[in-house]
Every structure is written in structure tokens, then in C-alpha cells.
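Undergrad: Quick one: this structure, given as C-alpha cells, is what I'll be asking you about.
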Amino acid sequence: MKIHEYQAREFFKKYGIPVSSGEVADSPDKARQISESIGKPVVVKAQVHVGGRGKAGGVKLAKTPEETYKVASTILGMDIKGLKVKKVLVAQAVRIESEAYLGVVVDRRSKRPVIMVSPAGGVEIEEVARETPEKIFKLIVDPAYGLLPHQARDLGYKLYRNPGLASKVGDVLMRLYRLFMETDASLAEINPFVVTKQGELLAIDSKINFDDNSLFRHPDYEELKDLTEDEKVEEEAKKKGLSFIKLEGDIGCVVNGAGLAMATMDVIKYFGGEPANFLDVGGSSNPEKVMNAMDIITREENVRVIWFNIFGGITRCDDIATGLVTALKNMEVNVPIVVRLTGTNEEEGRRLLKESGLTIHSVSTMSEGAKRSIGLAHRKGER
Amino acid sequence: MSVLVGEDTRLVVQGITGRDGSFHAKRMKEYGTNVVAGVTPGKGGQSVEGIPVFNSVKEAVEKEGANTSIIFVPARFSIDAIYEAADSGIEIIVAITEGIPVNDMIRAIRFINDKGVKLIGPNCPGIISPGEAKVGILPEKIFEKGKVGVVSRSGTLTYEIVSHITEGGFGESTAVGIGGDPIIGTKFIDMLELFKDDVQTEAIVLIGEIGGSDEEDTAEYIKETHYPKPVVGFIAGRTAPPGKRMGHAGAIISGGAGTAKGKIKAWENAGIKVASIPEEIRDLLTEVL
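From first to last, the protein sequence lines stand for chains A and B.
For the first sequence, position 174 matches number 174 in our numbering, and the numbering has no gaps at all.
Remember, our numbering sits 1000 above the position in the second sequence when you count from 1.
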């Protein structure tokens, strides 16, 4: 789960990580007010869930409250990589002496948290990793003891020769690690972390992602969510026990299991078709789940065929068939349905489909399913 | 011979009184797995499908000699179930549960490594050594005793591919679903190490997917060790959009890393033949065996 910079700043403050003064605004008027109360030049920053805001013109400097009003008017409502800007952060501008990167993520290889620091701040860390990997310093943390002060200080020395500064940044790293573990973050990042001309240390940008698996114990995160229209549908599907992601093609898929669902998309593409979605109905799928899946898929206008690819393990083919028959009898479905049922109770499932009298294209393998679906999707004049 | 589970397995089912726990305890027992005990705190003294239920794993170990555990406990309680099993002398833990918080898993893995315990999963379908034992939820019907070791990050995709291996007449020595989470106890390399010395296993099928660098690390391992047995594979997610979690918590392309393209290239460079579609696995096995 992603949160905005202005929300992440609040977590930073709570953990005593220094941030510049500023506030969030959803209108140019409010932006002007914030600028007035800061009383100094400010930076107006678009709050959207994508990187590269600066390059897209979503981050601008303003010297006066009037200028802040104008800049905020341009940025609010702006489209950045398909996302509309609804809020801006108005923060005091600072004169920068040096920029660094500080971050904590989970290292899947060592199965431990890893602290990363780099003197090449202000650039995306992935870019630094590609271009100048020698400028990234990493420390894998033993989760039994956590980050130790001397380890944090050592990382500080990688960034600053001045022992005072190294020590201070070590302290910030200790706080960032604690934030990471306690808030169940999957990423906590300060980029850039700056030393100002006045020698002050400040987090200029703040980014936190949370681990979706931990959300059950953080009900308070719910109100931090800001979802796009597509994400809202994904969220709705999730509440119904489905895992759904919208894609651009015309072949809708209903599959049990995430790996098989991905492979289904791949096989469609392999034979020259385009999947309209990723959809995993999960394990012990009851008929209701199938109906919900049909409901979500048929909302998409570009879907010209729906392919059920089911390999029954815990999932029972008869449950899938019952759900499908019920859905087709109760919903208006104007596209052809291709069904491949294999595994647990497949005979029963096929019998149910046959006895329903509905027109269903039955196939027995994945390749056959893909080819038949592509054929039906490209058939002219029939919908 | 098989790896991880077999005739010596003495299984305890944690969460045996739940819906999934009782259903699969019965199926594993019917398959011939030596299911010696179940555990649900507070329900000790009961029995499920003729299997005695205890209040703690420790009791199951002391009274029934359990050495392997399978966990069907809901996500918010299963981290403690893992600690409990590791603390009670269990040697192999299979965690089926999906949705365990990552930071909990990080600490738990640190703990079980200290104890020398092996963890499979979480978020996995478990293990089967056809004809010997099943510790998991895999549909036994599609498996046949044979010579191919199977390791997979997925569940149903494993079944799909196994059905082609079985139809091809190769059969499986042991098939393991290692789990779809970002942090898992056992990885491809750990399984390749086990299969290396298993006389029954003549070739290995790896089923990978987008996200992380486990596939790339495996390619390096195979090159460096001049791995002695043929390895073929499939990678799911060639068409997955970046930045989206594809059902599995670990299946995500982030910052341009973890793509199917990169993984396929790494495998091919290491001499692992990669199938374009699942059914091609059968042809690849015919080529290498």
C-alpha cells in the first residue's frame, strides 16, 4: 500500500525525523495561506503515487504567496502519468549544501531488512544502482537485535566526513529503521536527505509503502488510501476474495491460482491474443465467487470473450460450474464463454455445464482454450 | 528415496480442528502419510478423523514423536504457530497459510535458522513424494512416482505442469511448492541441493515467476556448481504489467527488476531450457532425459 509524501511526513515527525515546515493544500487559496504563514520561499509539490514528479512539472518553486497561488493553480488538476493531482504539499524551500539518499527495504535474498545509503541523493535509487552502484552502501540488519548505533554511525561516515554530521545521520537511520519495523513498512525512504547551507539536516522527500499483509493490524491506514478508479475495482474484488488486475486486451480470464492466472495471460499472448485482465478466484472457490468474478469482468466493454481456466485442487470443478451456470442464468452476458475444467470433480462439473443447456465452448487444454478464445474474440460482427 | 517427506515423516497438523485443517488431515492420512497428531490450543483430548488432538506441539512431539508439522492456522496466528513448532523440536515446518506480515516472517526465519529447522512456505501448497507421503494440499491424483523433482513458487500452475510431466510418463520423485511470498523459508537453490544427492531424481523442473531475484541467483548457482543433473523450467508473468502485485505477494516487478524476460535470459545463460508455454515442459524433459 502506497501513501503520499505529506502523509509519510507525519510518520517521520512522529519518529523524530526532521522535516521542513509545510502543509498540504487542496486549493490554490489554501496553498497561499500556507505560504503566508511560512513567510519564506516555498516548494509546491504534486501529491501523486508516481515517481518523476519533478520532470513532469509537478514540483515548482514559489517566492511569494501570490506566486504560490499561481503555481498551485497550475499543478492542481494537472495530469501526471495518467494520475490527476488533487493535493499539493507546500513546504519551505531550503538552500542545499549536499544531498544524500537514506532507505530501508526488505532484502529478499538475505531475508532481512537492509539499510541503504548513498551520497548520490535526489536521483532515483534504481538509477544510481544501474549507473554508479559503487555509490550505494548497504547494511543487512540482524532482525533479532535491530540496527545498532555504531552500525548506523558507520553508515553515516560513508556520507559525511564531519563526525558530528555522521553521528546525526546515524541517529536518523536508527529512527527510520524503528519506523520501518513498527509501522510494518515494506519501504521507508528519504530522498533527498539534505544538509542545508545553515548546517541543518532535513528530510526533503519522504516515502513509505506498507506491507499489504499487515493491514489487518493497522485499521488506521485505511483512511490514508487514495485509490485510482482501477485500484478501486481491484480493492472491491479483493473484498470479495478475488485478485483482479485490469489489462488492455479483449480476452477476459477467470483462473484459480495466481501462478496459473499469470500463465494463462502468457499463453493467450503466445498464441497472438491479448488478455483483458488477471483474475484469480482463489482456492476453495464457492459459486458466489464465480458470480462476482463474472460481474467484474463483464463491466469492461472491451471484453469479447471470457475464458475459464480451472485446474481443480482444493477448488472443485463442480463449484465453478454451478457458479458459472447461476451467473449466466441471472446476468446478461453477451460474450461467448470458453471453459476448461480439469482436476477435482471435473466430470461432475462438465455434466452440470452440459445439462444447463447453455452455449459454452468446452476445451480440454490450455493451448486449446487460448486458441478458441482468440478465435471467438476476433470473430466479426458477433458479440 | 525422496526428499523432505517420506516413510519417516511423523506429521502433526497445526490447526486440525479448522475447516481446511480437518479436511486435509483426512486426505493426507488417506494418502498414506503418517499423521500422528493434531494441535489446536484448548481442544486437547478431542480427536479428528481418528487423529489425537493436543493443546501444544510440544505434547505432540513428546507423546507421538512428531517430527514434521503442517500449519493451517489463520494468518494472524500462524506466525506463533511457526515459532511454537520450531521451539518444540519439529524438524520440518510446512506453512500453507497466506497473508503473514513480512516483518513477522523476517524475525521468524531468523529464529528457525538458529534452531536448525527447515521451513517450507509460507503461502504454499506443500510437498508430495508420490507413493510415499503428502504434506500439503496438492491433488494427489495427478502425481505418479517417478524421476522428476519439481520446485515451484506457485500452486495450481504446479498442478498444470505436473499433469504434463505425468502424462509424459516421467513421474515425480518429490514436488515442492515453496510459496508465493517475498520472504520464504526454502528457495530453489535449497531444493536443488537436496535433489542433487537424491538417487531417484534424474531431472528437475523449476517453476518461477516475476518478482525478486531467486531465479537469477539459481542461475548463478547452477553455473558455479556445474550442477550435475539437467534442469528445465517455466517462468510465469511475461505479460504482467510492472508495479502490480500479481496475486502472490512476491510477484511484482519493481523498479524494472524481477521481470520474466530477465529471469528467462538468466536461466538460458545457465543452460536451463525454458518452456514458452506450460505443456512444452514435456518436450524439454524428453530432450534432456
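For each residue, glycine too, the CB sits at the ideal point set by N, CA and C.
None of these values were measured; they are calculated from a predicted model.
Kindly list the residues whose CB is nearer than 6 Å to the CB of H49 (chain A), restricted to its own chain and excluding five residues on each side of it in sequence; keep chain order.
TA: K2
Undergrad: For the candidate residues A:Q92, A:D142, A:F180 and A:V123, whose alpha-carbon lies nearest to that of R112 (chain A)?
TA: A:D142
Undergrad: Using 8 Å for Cβ pairs, my map puts R350 (chain A) next to S362 (chain A). What's the rounded Cβ distance?
TA: 7 Å
Undergrad: First and last residue of the alpha helix (DSSP H) that includes E288 (chain A)?
TA: P287 to T298
Undergrad: Tell me whether Y15 (chain A) sits in a helix, a strand or coil according to DSSP, three-state version.
TA: coil
Undergrad: To which residues of the same chain is P1228 (chain B) closer than 8 Å at the C-beta, ignoring the five residues directly before and after it?
TA: Closer than 8 Å at Cβ, skipping near neighbours: K1196.
Undergrad: Taking CB distances under 8 Å as the criterion, tell me whether F311 (chain A) reaches chain B.
TA: At least one chain B Cβ lies under 8 Å of F311 (chain A).
Undergrad: Which residue's Cα is closest to the Cα of V358 (chain A): A:P336, A:T365 and A:G343?
TA: It is Leu, not Val, that sits at residue 358 (chain A) in the sequence shown. It is A:P336.
Undergrad: Identify whether R383 (chain A) lies in helix, strand or coil by the three-state DSSP scheme.
TA: Because the pLDDT at R383 (chain A) is just 44, under 50, the model does not fix this residue reliably, and the value given afterwards should be weighed accordingly. Taken through DSSP and simplified to helix, strand or coil, R383 (chain A) comes out as coil.
Undergrad: By the DSSP assignment, the alpha helix (DSSP H) with L155 (chain A) in it spans what residues?
TA: P149 to L159
Undergrad: Between H1248 (chain B) and chain A, is the shortest Cβ-Cβ distance under 8 Å, so that the two count as touching?
TA: True, the Cβ-Cβ gap to chain A drops below 8 Å.
Undergrad: Write down every uninterrupted run of the beta strand (DSSP E) in the segment 1078 to 1137 of chain B whose length is 3 residues or greater and which is fully enclosed by it, in chain order.
TA: DSSP runs (the beta strand (DSSP E)) wholly in the segment 1078 to 1137 of chain B: 1092 to 1095, 1118 to 1120, 1126 to 1129 and 1133 to 1136.
Undergrad: Are S1256 (chain B) and S1213 (chain B) touching if we call contact CB-CB under 8 Å?
TA: The residue asked about is misnamed: residue 1256 (chain B) is Gly in this sequence, not Ser. Against a cut-off of 8 Å, the Cβ pair of S1213 (chain B) and G1256 (chain B) comes out as no contact.
Undergrad: Please report the Cβ distance between Y6 (chain A) and L89 (chain A), rounded to the nearest whole angstrom; I am assuming they are in contact, meaning their Cβ atoms lie under 8 Å.
TA: 5 Å
Undergrad: Starting from R1010 (chain B), find everything on chain E with Cβ-Cβ shorter than 9 Å and list it in chain order.
TA: Here the protein chains are A and B, and chain E is not one of them.
Undergrad: In chain order, what residues of the segment 362 to 380 of chain A put their CB closer than 8 Å to some CB of chain B?
TA: T365, M366 and S367
Undergrad: Roughly how many angstroms lie between the CA atoms of R217 (chain A) and F210 (chain A), to the nearest whole one?
TA: 12 Å
Undergrad: Among B:G1015, B:F1143, B:F1111 and B:H1248, which one has its Cα closest to the Cα of G257 (chain A)?
TA: B:H1248
Undergrad: Under 9 Å Cβ-Cβ, which residues of chain A neighbour Y1159 (chain B)?
TA: G257, L260, F311, G312, G313, T342 and G343
Undergrad: Can you find a CB in chain A that lies within less than 8 Å of the CB of A1236 (chain B)?
TA: yes
Undergrad: Can you pull the chain B neighbours of R112 (chain A), defined as C-beta to C-beta under 8 Å?
TA: I1106 and R1110
Undergrad: Identify the contact partners of D1190 (chain B) in chain A, using a Cβ-Cβ distance below 7 Å as the criterion.
TA: Neighbours of D1190 (chain B) on chain A: none; closest Cβ ~12 Å, over 7 Å.
Undergrad: Which residues, taken in chain order from the segment 262 to 275 of chain A, show a beta carbon closer than 7 Å to some beta carbon of chain B?
TA: From the segment 262 to 275 of chain A, only M262, A263, M265, D266, V267, K269, Y270 and P275 have a Cβ closer than 7 Å to chain B.
Undergrad: With a cut-off of 8 Å on the beta carbons, I'd call G1177 (chain B) and S1154 (chain B) a contact; round off their distance for me.
TA: 7 Å
Undergrad: What residue does the beta strand (DSSP E) around S107 (chain A) start on, and which one ends it?
TA: Note on residue identity: the sequence assigns Asp, not Ser, to residue 107 (chain A). I96 to D107 is the extent of the beta strand (DSSP E) around D107 (chain A).
Undergrad: Expressed to the nearest angstrom, what Euclidean distance is found between the alpha-carbon atoms of E382 (chain A) and L1284 (chain B)?
TA: Caution is warranted here: a pLDDT of 48 is assigned to E382 (chain A), below 50, making its placement in the model unreliable, and the coordinate value is therefore given only provisionally. If you take the alpha carbons of E382 (chain A) and L1284 (chain B), they lie about 39 Å apart.
Undergrad: Kindly indicate if chain B contains any beta-carbon less than 8 Å away from that of F308 (chain A).
TA: no
Undergrad: Using a Cβ-Cβ cut-off of 8 Å, state whether E447 (chain A) counts as contacting chain B.
TA: Since the first residue of chain A shown is 1 and the last is 383, residue 447 (chain A) is not available in this structure.
Undergrad: Let me check one thing: in DSSP terms, what residues is D384 (chain A) bridge-paired to?
TA: Nothing in the structure corresponds to residue 384 (chain A), since chain A is present only between 1 and 383.
Undergrad: Give the single residue among A:G122, A:F271, A:A293 and A:A93 whose Cα lies nearest to the Cα of E23 (chain A).
TA: A:A93
Undergrad: Tell me, please, whether the segment 1044 to 1056 of chain B touches the segment 1070 to 1081 of chain B by the rule of three or more beta-carbon pairs shorter than 8 Å.
TA: In short, these stretches do not touch, since the Cβ pair count stays below three.
Undergrad: Terminal residues of the continuous alpha helix (DSSP H) containing R112 (chain A)?
TA: No alpha helix (DSSP H) contains R112 (chain A), which is instead part of the beta strand (DSSP E) from R112 to S118.
Undergrad: Check whether the segment 1104 to 1116 of chain B touches the segment 1127 to 1143 of chain B, counting contact only when three or more Cβ pairs, one atom from each stretch, lie closer than 8 Å.
TA: no
Undergrad: Cβ atoms of R340 (chain A) and T365 (chain A): under 8 Å apart, would you say?
TA: yes
Undergrad: Quick one, which residues of the segment 1125 to 1136 of chain B are near chain A if we go by CB-CB under 8 Å, in chain order?
TA: Identification of residues in the segment 1125 to 1136 of chain B having a C-beta nearer than 8 Å to some C-beta of chain A yields P1125, given in sequence order.
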